[in-house]
Amino acid sequence: MSYPLFPIAGSDLAWRAIIAAGARQPGRAAELTAQLIVGRPADQLYGVCCEIAQYAKAAVDSLNADTETPCPESGTWTLGHLGRRPDRTDSKRAFAEDFLTAYCAADNQTAIAVYDAMVRDEQLLHVQAIAQLICEVAEVTGNALGHHVAWTR
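Everything in the sequence shown is counted per the numbering used here, starting at 229 for the first residue and increasing by one.
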């Protein structure tokens, strides 16, 4: 059985922010999120979003590679099995869901389009959207770990 190594190489700050969000330490998660994005131009923030989303993709991939953890009825694990459906009226939650879905499906065109829409949205603060992305990834990775642990006892 092969699992991706966490943290993913080069992303220690993103990983620590995800851990803080998953541990329900909002102050620490916010501090680390700010460190991830402050002073970076928009084109670098796309890379930060990809770096964060990579953890969700790795969590889904590791469940699908785990022969000891039963698959859902659909046959493969997806983000839909590991996260809740966010409130689509909340633009930061919609961004996080749409970006994660596109990124995990390797749909780069859609991921870029979702990111560009977030950047252009004058009502949406980038730090809040990226913080929500971190929270969604924390939920996905935590739930994936829960499924692994439940079947390896």
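Think of the CB as a built atom: it goes at the ideal place given N, C-alpha and C, for glycine as much as any other residue. Predicted, not measured: the structure shown is a model, and the values here were computed from it.
For residue i, the three-state DSSP class (helix, strand or coil)
i           : result
residue 315 : coil
residue 251 : coil
residue 230 : Below a pLDDT of 50, predicted positions are generally treated as unreliable, and residue 230, at 40, falls in that range; the measurement from the model is reported next regardless. Coil at residue 230, not helix or strand.
residue 305 : coil
residue 296 : coil
residue 182 : Outside the displayed span of the chain (229 to 381) sits residue 182, for which this structure offers no information.
residue 268 : coil
residue 353 : coil
residue 333 : coil
residue 368 : helix
residue 237 : Low confidence applies to residue 237: its pLDDT is 49, below 50, so where it sits in the model is not reliable enough to give any reading.
Residue nearest to residue i in terms of C-alpha spacing, selected from the options
i           : options               : result
residue 334 : 308, 261 and 282      : 282
residue 248 : 372, 374 and 360      : 360
residue 324 : 307, 310, 305 and 357 : 357
residue 241 : 253, 260, 252 and 368 : 260
residue 341 : 274, 250, 253 and 257 : 274
residue 339 : 277, 258 and 349      : 277
residue 265 : 374, 353 and 366      : 353
residue 262 : 366, 355, 365 and 374 : 355
residue 285 : 319, 337, 272 and 311 : 311
Residue i Cβ short of 6 Å to the ligand COA heavy atom set
i           : result
residue 366 : Absence of the ligand COA from the depicted structure is noted, as is the absence of any ligand whatsoever, leaving it without description.
Euclidean distance between Cα positions of residue i and residue j
i           : j           : result
residue 299 : residue 255 : 36 Å
residue 315 : residue 294 : 31 Å
residue 290 : residue 321 : 25 Å
residue 243 : residue 250 : 10 Å
residue 306 : residue 350 : 31 Å
residue 297 : residue 252 : 27 Å
residue 348 : residue 270 : 10 Å
residue 461 : residue 267 : Given that the chain is displayed from residue 229 to residue 381, the structure contains no residue 461 and the question cannot be resolved.
residue 272 : residue 332 : 19 Å
6 Å CB neighbourhood of residue i in its chain, flanking five on each side removed
i           : result
residue 287 : 368, 369 and 372
residue 309 : 300
residue 366 : 246, 249 and 250
Own chain, CB closer than 7 Å to residue i, minus 5 neighbours either side, in chain order
i           : result
residue 304 : 292
Cutoff 8 Å; reference residue i; Cβ partners in own chain excluding five residues on either side
i           : result
residue 313 : 325
| query | With a cut-off of 8 Å, do at least 3 Cβ pairs link the stretch 361-370 to the stretch 321-333? | reply | Touching, per the Cβ criterion.
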